[in-house]
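Beneath this line is the structure, given in structure tokens, with notes to follow.
Numbering (the working numbering), first residue to last: 222 to 1101.
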């Protein structure tokens, strides 16, 4: 798997320990039979057909079914409620960390059927070849294969670990791809420094178009070489960025970088930032690597969170990044929390961070979940539930929350062999509406007991009638008991049910059944019918609404107009000894997919159905659809439905086809763009969705629009935008306070920002940031029309002291230090101070700006004065 610090077991245990690498071939400690989770949470497993230690990745299809990837190249499709089917066997080399390890659906899957896969390609000898490909899923709504492979790119790796591992499809159709350092973990490998080299793929988070080119907004994009690694690179300096996800509000990648000797880390990845592996691990310099000459000047971007290997309750050796919980089913304290796990210690945690990427709630102690299996990939179900691939079991594990626990329902069936007085008991039709695993206890009425789903008992005691009992119990202690009469010397009645078959029904369609019953001793028996509506309100919590009873050889009724429901019809016969026989038919709904979409994330609900962006609704059912007034961002407001309806609540009847309803929300950015023709001409069309929360922005062909509550909506474009992004964007400078404005000289332009910063530009000087007290001093000196003119540098550090300075075009600068403040120098005084060494001169930092005095000008310094005489054009330095 992602290479961590210690491998727990497996055939290659000794080798793995020597390599300090957690191998995908190997096991972590086996998952406990019972996971430890907060009250109300339960893990529900779905088989994938992959088997233990093979499942690596998965992706939900639009209809809620799942595609899964296996390390050995197997791709399976898991239909809703159905058995997994293998649809492809891709050629791959599954040695150690390699194999088929990444899978993602294209954002236009509905139209194209495209999926992306990362795998190693079989080779006769190293280097190993890692490939990112696009396939088309054949078979339409019933996937049957992967065809038409198109290779986006390949990478050569010197090691069978720390490879290319995750591909994520963004809402705008672009792809994000993580690549490890492509090195072994045994010792210091100088080639690991390639993780810092922008012309190498190793150790990078890549941002690419659907055909493999770099995205034009990437920090190092080169239009002349869009397929270069530099053009594709979004951020660098990663060791084993095994899994990551995109924050649903900001769009920023949140990545787990698996550690080497000491630290695991989670990073919120910023464009152009280096996360400094191999020179840094977590927030500290890496022993061994940190001494390499190539690490001498490498600075680190601190992680969002890091933890030591084996450090108490936060122990772990292989971090697996999950995602933000966006659903509504979990308790409020978990909504908006980031879930992540550790593969080797089988644990699950949550944490919280704010829109600025700062940690606000540290992971809990003890962890959220213990003994939860070996998570290797997280995703969200349609209603937001956290789901992960468990490598240990090969199952998908869904974290569900039910406030309270529903008791199971016991049901016992019997069949008797009167010649031997042997009765066979079956509990197969017992059920638990929560989906929990049940235990079965039998009491046969003659003092004997047994346990199991199906048991056989021979009655040797005298007597013709006994009352047996079945008790079923769930893991939470809830139970149900049912009694059945058995007559060991009597044949059981035989009931034959004639049904419409394994079919589905629309609302109002007729459901017709017939039955015949005979008994060896009694002959023909009368049949009693009872129908009910089985309603499953949360897909895993069901209850039965019983209907009236009737008798006769046949039964018919109409399929109910009830959401998330089936019709359960049970036929019952009883012989003269009181022995009961039953048969049940479940008429299932003919479901159509109702998909609810919006241009920005928002709650759009079908009341009565599980929360989420999709619902499977019975054909012919009339349902209400409600769009939230305000979107998740707290800013965008509902405008209209796609067909022009402006009421947020509407009623529809589900037709004989799938339906997609689209709602439009308009943010302040959207309102301004729609109402301002000049702005549309300036920026061009939108090229990405709107993202962010406290500060929101949207990219257009030639610029961006930003919004904050304090400043409103403002545009930024051209060279000023490029400088803004390079300087850290709104996270460092704040949101724009103005549109781009004239500098006041008829040539240059500027934009101001919330964090007391401005960017000024003109063709001859370029774009530069001036901020804080340096900006204030410059403006006191007249700004662009004063003695200094436009900046020609950004802020720079002084070589002595703790000062900062900015140089300007008109032979001057502004200098600042904590002791002296910020002051502007220019003209002869500036030139004299520069000639004697500036802050390294005996005078030190300026304590005043240039002041006019009789006969000239002067400026004071920490250790003296410089005076300029206009009559003689002479400059004099006087030390204190």
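Ideal Cβ placement from N, Cα and C applies to all residues, glycine included. This structure is a prediction, so every number in the text was calculated from the model and none was measured.
Buried or exposed by the 16-neighbour rule on C-beta atoms within 10 Å, applied to residue i
{"i": "residue 981", "result": "buried"}
{"i": "residue 579", "result": "exposed"}
{"i": "residue 1060", "result": "buried"}
{"i": "residue 1118", "result": "Only positions 222 to 1101 of the chain appear in the structure, and residue 1118 is not among them; the question remains open."}
{"i": "residue 890", "result": "buried"}
{"i": "residue 487", "result": "buried"}
{"i": "residue 793", "result": "buried"}
{"i": "residue 797", "result": "exposed"}
{"i": "residue 969", "result": "buried"}
{"i": "residue 1039", "result": "exposed"}
{"i": "residue 1036", "result": "buried"}
{"i": "residue 264", "result": "buried"}
{"i": "residue 868", "result": "exposed"}
{"i": "residue 950", "result": "buried"}
Reduced DSSP category for residue i - H, G, I as helix; E, B as strand; rest coil
{"i": "residue 555", "result": "helix"}
{"i": "residue 811", "result": "coil"}
{"i": "residue 606", "result": "coil"}
{"i": "residue 977", "result": "coil"}
{"i": "residue 951", "result": "helix"}
{"i": "residue 1180", "result": "Given that the chain is displayed from residue 222 to residue 1101, the structure contains no residue 1180 and the question cannot be resolved."}
{"i": "residue 1052", "result": "helix"}
{"i": "residue 703", "result": "strand"}
{"i": "residue 411", "result": "helix"}
{"i": "residue 455", "result": "strand"}
{"i": "residue 402", "result": "coil"}
{"i": "residue 1077", "result": "strand"}
{"i": "residue 419", "result": "coil"}
{"i": "residue 488", "result": "strand"}
{"i": "residue 941", "result": "helix"}
For residue i, the nearest candidate out of the options (CA to CA)
{"i": "residue 268", "options": "528, 603, 279", "result": "279"}
{"i": "residue 484", "options": "512, 446, 527", "result": "527"}
{"i": "residue 849", "options": "868, 855, 824", "result": "824"}
{"i": "residue 720", "options": "804, 576, 712, 665", "result": "804"}
{"i": "residue 941", "options": "932, 933, 964, 568", "result": "964"}
{"i": "residue 818", "options": "917, 1075, 836", "result": "836"}
{"i": "residue 314", "options": "326, 294, 329, 324", "result": "294"}
{"i": "residue 1069", "options": "1045, 1055, 545", "result": "1045"}
{"i": "residue 493", "options": "425, 617, 693, 749", "result": "425"}
{"i": "residue 464", "options": "383, 435, 434", "result": "383"}
{"i": "residue 822", "options": "912, 901, 307", "result": "912"}
{"i": "residue 992", "options": "1003, 985, 264, 973", "result": "973"}
{"i": "residue 745", "options": "716, 446, 507, 728", "result": "716"}
{"i": "residue 317", "options": "705, 274, 300", "result": "274"}
{"i": "residue 572", "options": "566, 564, 565, 554", "result": "554"}
{"i": "residue 728", "options": "841, 771, 826, 788", "result": "841"}
{"i": "residue 606", "options": "546, 500, 1080, 702", "result": "546"}
Cβ-Cβ distance between residue i and residue j below 8 angstroms
{"i": "residue 504", "j": "residue 474", "result": "no"}
{"i": "residue 347", "j": "residue 379", "result": "yes"}
{"i": "residue 978", "j": "residue 929", "result": "no"}
{"i": "residue 415", "j": "residue 406", "result": "no"}
{"i": "residue 765", "j": "residue 276", "result": "no"}
{"i": "residue 801", "j": "residue 708", "result": "no"}
{"i": "residue 480", "j": "residue 502", "result": "yes"}
{"i": "residue 495", "j": "residue 471", "result": "no"}
{"i": "residue 937", "j": "residue 953", "result": "no"}
{"i": "residue 497", "j": "residue 544", "result": "no"}
{"i": "residue 417", "j": "residue 458", "result": "yes"}
{"i": "residue 462", "j": "residue 371", "result": "no"}
{"i": "residue 811", "j": "residue 726", "result": "yes"}
Proximity test, residue i beta-carbon vs the ligand HEM heavy atom, cut-off 7 angstroms
{"i": "residue 592", "result": "This structure lacks the ligand HEM; in fact it carries no ligand of any kind."}
- Message: Under 8 angstroms, with one C-beta from each stretch per pair, do the stretch 550-564 and the stretch 607-626 reach the 3-pair mark?
- Response: yes
- Cβ contact (3+ pairs, closer than 8 angstroms) linking the stretch 675-683 and the stretch 635-648: yes
- With contact counted as at least three CB pairs below 8 angstroms, one residue from each stretch, are the stretch 393-401 and the stretch 416-432 in contact? yes
- Hey, is the stretch 1083-1095 in contact with the stretch 1037-1055, meaning 3+ C-beta pairs nearer than 8 angstroms? yes
- Item | Cβ contact check for the stretch 280-288 and the stretch 658-675: 3 or more pairs under 8 angstroms | no
- Query: Does the stretch 677-696 come close enough to the stretch 763-783 that 3 or more CB-CB pairs lie under 8 angstroms?
  - Reply: no
- Is it a yes or a no for the stretch 365-372 touching the stretch 349-356, going by three-plus beta-carbon pairs under 8 angstroms? yes
- Message: Three Cβ pairs or more, each shorter than 8 angstroms: is that satisfied between the stretch 649-666 and the stretch 627-638?
- Response: yes
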